[in-house]
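Chemist: In the numbering used here, the protein residues as written are 1 to 80.
C-beta: ideal position from N, C-alpha, C; glycine also.
What follows is a single structure, and I will ask about it in a moment.
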């Protein structure tokens, strides 16, 4: 779908992460820029037990919480 949109053959709805470079380069145009979804899709981590959590899983969980707790790191005002 993205390849077709790059060729001017259609409209796609993709995450900003996937199209940020194309938007910056002018290969794609943002449509409905004033429209923004009210909620982002959640990222869910599932693991068996908090009591017996391995150090590797605990480290990964803590990293994910720190990295994705705030606004999307790939979304910048330069894209708007």
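1. Buried or exposed for residue 28, going by 16 or more other Cβ atoms inside 10 Å?
2. State the Cα-Cα distance for the pair residue 44 and residue 62, rounded to the nearest angstrom.
3. Which first and last residues belong to the alpha helix (DSSP H) in which residue 19 is found?
Modeler: By the coordinates alone:
1. buried
2. 13 angstroms
3. Run containing residue 19: 16–25, per the alpha helix (DSSP H) assignment.
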